[in-house]
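Protein chains in written order, with our numbering: chain A, 1 to 541; chain B, 1001 to 1541.
There are 2 protein chains.
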Amino acid sequence: MSLGVSPLDAERRKYRPRLPTVLARGVAGLEVEAGGPTAAVADADAIRKHFPQTFGRPLLRFRSGGPGGAAKPLRVGVVLSGGQAPGGHNVIAGILDALRGVHGESRLHGFLGGPRGIFTGQHRELTVDLVEPYRNSGGFDMIGSGRDKIETPEQLAACRATCEKLGLDALVIIGGDDSNTNAAVLAEYFLEQQLDLSVIGVPKTIDGDLKGGPVEASFGFDTASKVYGELIGNICRDAKSAGKYWHFVKLMGRSASHVTLECALRTRPNLAWIGEEVRKNELTLREIVDRTADVVRRRREAGRSYGVVLVPEGLIEFIPEMRVLIDELNALLALHAGGDAETQRRRAAEQLTAPSAAVLESLPGNIREQLLKDRDSHGNVQVSLIETEALLAVKVAERLGGELKAHKHFFGYEGRCAAPSNFDADYTYGLGHVAVALIAHGATGAMAALRNLSGPHESWEPVGVPLTSLMRIEQRKGKPAPVIEKALVDLEGPVFKTFAAERETWQVEDAYRYPGAIQYFGPAEVADVTTATLRLEQGAD
Amino acid sequence: MSLGVSPLDAERRKYRPRLPTVLARGVAGLEVEAGGPTAAVADADAIRKHFPQTFGRPLLRFRSGGPGGAAKPLRVGVVLSGGQAPGGHNVIAGILDALRGVHGESRLHGFLGGPRGIFTGQHRELTVDLVEPYRNSGGFDMIGSGRDKIETPEQLAACRATCEKLGLDALVIIGGDDSNTNAAVLAEYFLEQQLDLSVIGVPKTIDGDLKGGPVEASFGFDTASKVYGELIGNICRDAKSAGKYWHFVKLMGRSASHVTLECALRTRPNLAWIGEEVRKNELTLREIVDRTADVVRRRREAGRSYGVVLVPEGLIEFIPEMRVLIDELNALLALHAGGDAETQRRRAAEQLTAPSAAVLESLPGNIREQLLKDRDSHGNVQVSLIETEALLAVKVAERLGGELKAHKHFFGYEGRCAAPSNFDADYTYGLGHVAVALIAHGATGAMAALRNLSGPHESWEPVGVPLTSLMRIEQRKGKPAPVIEKALVDLEGPVFKTFAAERETWQVEDAYRYPGAIQYFGPAEVADVTTATLRLEQGAD
């Protein structure tokens, strides 16, 4: 038995991520080119008020330049924030290698357990030896992650203290939209405090909803959707082979349905619900059930008593009547907070408006239970625990008068820590380099990005994107707040339109596509091609 | 968008499965060598009575021989029986190619939808063009599968009629233990009817429980356990990265725990329950819960509030008290059959023995519901639908006095139709050739097998194993019946012993291993190595 490191893990450690040509000789000799001032996605004036120091900064581009000259050693801190995404370790490896290219005495510190590690001062130096076994590996276990934010004056001051103690020149925050919003706040705070400390963000999320403008994709989306695509393809093949089961598959993606859309394009299931379209068309749960049941019925009539349905994790919140019910429940649960749980639940259920009470009544018992019982740390309904795939399976069976052999699946945790695909391994290693290039040029409040991602890696273009340029004002906890905008599925964009043009042909005829497992070796068309989403967005096919 | 066939699917069609040296030039020139007479696993006299014609036949071996001479064209029928397993299509491709090597006019017919296709006469000719797109692909969708048996005199006669109408020389049954038992029955029947029609079995099941004597492994076990290993490894990495979740993973394998054992060796989870050990040690549900809770507690004390637990699908039936409860319920449900479902359930629950009533009472509401409500086609409790992973998570949380952030997974359908690994692709293509070699030499009532499977494919040794030699008498539906013995996990064998020697070191320290996705390309140690189970059984490591 070869215990310990798996053969694939061992091989992946040897993989040399491919850098864009402009970064291939490191970042020391790069010349920076600043564009014109930037604005914001919306609400520019309000954003400017929140970020007087960092608002309006230019987009930064890089080109190969001179020999780089005698740079000074840099000290950088890095933190992983929020949910795991394949490639996080390679961002860190990229930062480390680029830093050492700038100056052999440069130092990298990793904060442990997410942003909390910064304000509590928990960190470890990330040396070449320490990083080595994590190269091209999945997971965030090198330094851990966490979901804390750095918000209170005390936390901000504690962060400052930690960074000063370590003598940091820069802090790199690898995270999603919220974490990058937090990076913008920190950048502004450090400038306000007249501290010479860059804050650079790196776009991470398997959900694919952190993109826009020059930011083409968050890392991890490629790998995670490939893992899910593998499993869904296998299930499609199983459904067709067995000829008797319907599979209801829920996929991660609470705020946006990019993962479901990408997986649908990869596997061509009989039905895939896209939350953004459900909301736009104001579909009721009944309509969703009816339409699903209709596909089941039509396939049965065509001799196919089997099929595959995809639903995004957040579907339930995209259904207007369900959104209203959840909002009412949250408000009522807060109102009755303090009593025992059972009384609180009963009161909340009694005081719902008539339409919401009817919606609640229409749900299967276990879903009602989930809505009323499980709470998150703010006392709210825990939407992510609601078994939407089971809800749909049960309601569709009811609508069809009984028999429906259904299996339910939820794919999420399986994909967040997969070893990054070649694309994500290259992309994240490059992002680490871009972060250091930005630091070396004194940028702050910027997101590291690479453009032209659907093209060959040689032509990827490093840029620094002002975080404020990605922002708008949204309501958070009942108050207007500046946030990086979440990118929802664009119903007028080429990705959704391709899906919409094809999906009817997938419903009754079998058009399943079987992507198979992620390949790290083999022909480029098997091992190196990125998502349908990115390729369609960029007209690459 | 490259719709239609996925790039990996397209590449896999080009893969040329590797044959053992002795089969590399086809089967036409092979010479057969018969060993001494065989007996049975047990109950030889009774087996002989059931199979007077086919009992005691010799093990057949093959060696390269002369040029093969002028063979006549062969007509063969093939059927896929039972659950999907990766490689089924390659058995068929192997049969087709070997048949054409024997004689260009040979014909292959595929029966549709499993054994039912034989007695209803539903079939299709499998030509080179038809088989082409299925080479090295997952699934059984080329001709479908089914779970019917061929048992009644009418069904046997109908099979005979179909085979005679098609002028078949042989029938190849690709299936698990039950289907191969059925193959033995058919072989005996055809001889009894003085019909010159070979029946050859091929060992298929992802569960890995069809092996023994010269049969080293069923096909599909390698691929399926690699898919599950990928996912479990990813989840282990996620657990460690997030640092706050316990994952309870149920794996396919109702009668035997080979899949769980193999996955445990591949991924080294904190805990893996092996049904055979639970039965041997007569563990109660409470003991299983206590021991699991103890690991959770000890990890928590060591600062690790996360972990991964594997359970085999059949765990619940291996727990003696649960087995008794299920048997009582089945008997009582049969006794009260006819009444309305609710009354029937209530009566059954009331008439349980006191110990079983106490066990039932101790179960969470939804599990009680599952035990009492869902029935299979024989009216029995549907054990496979019981969410053992949820049961364990709930009971462990109770034992720990509340908080346990648990996620539940069931991996099964994801792996049954994956594209076969290189091992399974080679193995199944070879099995197809062995089947034809047996047919060409007039064998019947034999299973096609390959030996030395943990060694290089060149040295795999084709054999024909008398089906009766794999049999014993067991109780089926209350009556003694000759059946092919299911291979359970051998608690004294090297696979379990390796696990038992290692597992304590996996409990509190993190020893996770991340196998990653199946690779079809790349270095041999990544792409070509078979299961730990097979390698340990053969002392290959």
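Glycine residues also receive a C-beta, built at the ideal position from the N, C-alpha and C atoms.
Predicted model, so just to flag it, every value in this text is computed and none were measured.
Three-state secondary structure (DSSP) of residue i
{"i": "glutamate 387 of chain A", "result": "coil"}
{"i": "serine 198 of chain A", "result": "strand"}
{"i": "alanine 1158 of chain B", "result": "helix"}
{"i": "glycine 1035 of chain B", "result": "strand"}
{"i": "glycine 1307 of chain B", "result": "strand"}
{"i": "arginine 100 of chain A", "result": "helix"}
{"i": "leucine 1060 of chain B", "result": "strand"}
{"i": "lysine 1408 of chain B", "result": "strand"}
{"i": "lysine 165 of chain A", "result": "helix"}
{"i": "glutamine 538 of chain A", "result": "coil"}
{"i": "proline 1017 of chain B", "result": "coil"}
{"i": "isoleucine 1316 of chain B", "result": "helix"}
{"i": "glycine 365 of chain A", "result": "helix"}
{"i": "lysine 479 of chain A", "result": "strand"}
{"i": "serine 1002 of chain B", "result": "Note that serine 1002 of chain B has pLDDT 43, beneath the 50 cutoff, so the model's placement of it is unreliable and no number is given."}
{"i": "isoleucine 1484 of chain B", "result": "strand"}
{"i": "valine 1128 of chain B", "result": "helix"}
{"i": "glycine 212 of chain A", "result": "strand"}
{"i": "arginine 1513 of chain B", "result": "coil"}
{"i": "glutamate 1525 of chain B", "result": "helix"}
{"i": "arginine 1375 of chain B", "result": "strand"}
C-beta contact flag for residue i and residue j at 8 angstroms
{"i": "leucine 1080 of chain B", "j": "phenylalanine 1140 of chain B", "result": "yes"}
{"i": "arginine 1268 of chain B", "j": "tyrosine 1512 of chain B", "result": "yes"}
{"i": "arginine 1596 of chain B", "j": "valine 1041 of chain B", "result": "Nothing in the structure corresponds to residue 1596 of chain B, since chain B is present only between 1001 and 1541."}
{"i": "isoleucine 118 of chain A", "j": "isoleucine 150 of chain A", "result": "yes"}
{"i": "valine 215 of chain A", "j": "leucine 534 of chain A", "result": "no"}
{"i": "glycine 77 of chain A", "j": "isoleucine 206 of chain A", "result": "no"}
{"i": "valine 436 of chain A", "j": "valine 27 of chain A", "result": "yes"}
{"i": "arginine 1013 of chain B", "j": "proline 1133 of chain B", "result": "yes"}
{"i": "glycine 233 of chain A", "j": "proline 456 of chain A", "result": "no"}
{"i": "arginine 160 of chain A", "j": "glutamine 194 of chain A", "result": "no"}
{"i": "alanine 71 of chain A", "j": "alanine 446 of chain A", "result": "no"}
{"i": "glycine 138 of chain A", "j": "arginine 1237 of chain B", "result": "yes"}
{"i": "aspartate 426 of chain A", "j": "arginine 61 of chain A", "result": "no"}
{"i": "threonine 1498 of chain B", "j": "leucine 1453 of chain B", "result": "no"}
{"i": "tyrosine 1542 of chain B", "j": "phenylalanine 1411 of chain B", "result": "No answer is possible for residue 1542 of chain B: it lies beyond the span of chain B, which begins at 1001 and ends at 1541."}
{"i": "threonine 353 of chain A", "j": "glutamate 387 of chain A", "result": "no"}
Reference residue i; option with closest CA among the options
{"i": "valine 381 of chain A", "options": "A:Leu283, A:Ala334 and A:Glu192", "result": "A:Ala334"}
{"i": "glutamate 492 of chain A", "options": "A:Ile326, A:Ala390, A:Glu262 and A:Glu277", "result": "A:Glu277"}
{"i": "aspartate 1507 of chain B", "options": "B:Leu1310, B:Gln1351, B:Gly1478 and B:Gly1088", "result": "For clarity, residue 1507 of chain B is glutamine in the given sequence; the question names aspartate instead. Comparing Cα-Cα distances from glutamine 1507 of chain B to each of B:Leu1310, B:Gln1351, B:Gly1478 and B:Gly1088, the minimum goes to B:Leu1310."}
{"i": "aspartate 222 of chain A", "options": "A:Val22, A:Thr260 and A:Phe248", "result": "A:Thr260"}
{"i": "glutamate 1504 of chain B", "options": "B:Arg1291, B:His1457, B:Glu1525 and B:Leu1450", "result": "B:Arg1291"}
{"i": "histidine 123 of chain A", "options": "A:Ser106, A:Thr284 and A:Ser145", "result": "A:Ser145"}
{"i": "arginine 1063 of chain B", "options": "B:Ala1071, B:Gly1104, B:Thr1054 and B:Thr1021", "result": "B:Thr1021"}
{"i": "valine 1396 of chain B", "options": "B:Leu1285, B:Ile1232, B:Pro1133 and B:Leu1059", "result": "B:Leu1285"}
{"i": "arginine 1025 of chain B", "options": "B:Tyr1015, B:Arg1100 and B:Ala1157", "result": "B:Arg1100"}
{"i": "arginine 116 of chain A", "options": "A:Cys417, A:Gly82, A:Gly430 and A:Phe55", "result": "A:Gly82"}
{"i": "leucine 96 of chain A", "options": "A:Gln84, A:Leu112, A:Gly88 and A:Thr127", "result": "A:Thr127"}
{"i": "glutamate 398 of chain A", "options": "A:Glu154, A:Val308 and A:Val296", "result": "A:Val296"}
{"i": "glycine 1104 of chain B", "options": "B:Gly1113, B:Leu1074 and B:Gly1121", "result": "B:Leu1074"}
For residue i: DSSP bridge partner residues
{"i": "leucine 108 of chain A", "result": "A:Val76"}
{"i": "histidine 1123 of chain B", "result": "B:Phe1111"}
{"i": "serine 81 of chain A", "result": "A:Gly146"}
{"i": "proline 86 of chain A", "result": "Proline 86 of chain A pairs with nothing; no bridge assigned."}
{"i": "phenylalanine 1219 of chain B", "result": "B:Lys1204"}
{"i": "leucine 1030 of chain B", "result": "B:Ser1064"}
{"i": "isoleucine 173 of chain A", "result": "A:Val79 and A:Gly201"}
{"i": "arginine 135 of chain A", "result": "BP columns for arginine 135 of chain A are empty, so no partner."}
Entirely enclosed alpha helix (DSSP H) segments - the segment 1413-1476 of chain B, minimum 4 residues: Entirely contained in the segment 1413-1476 of chain B, the alpha helix (DSSP H) runs reaching 4 residues are, in chain order, 1413-1416 and 1422-1440.
Only counting runs of 4 or more residues, tell me where the alpha helix (DSSP H) segments fall wholly within the segment 230-283 of chain A, in order along the chain. Correct list: 258-267 and 275-280.
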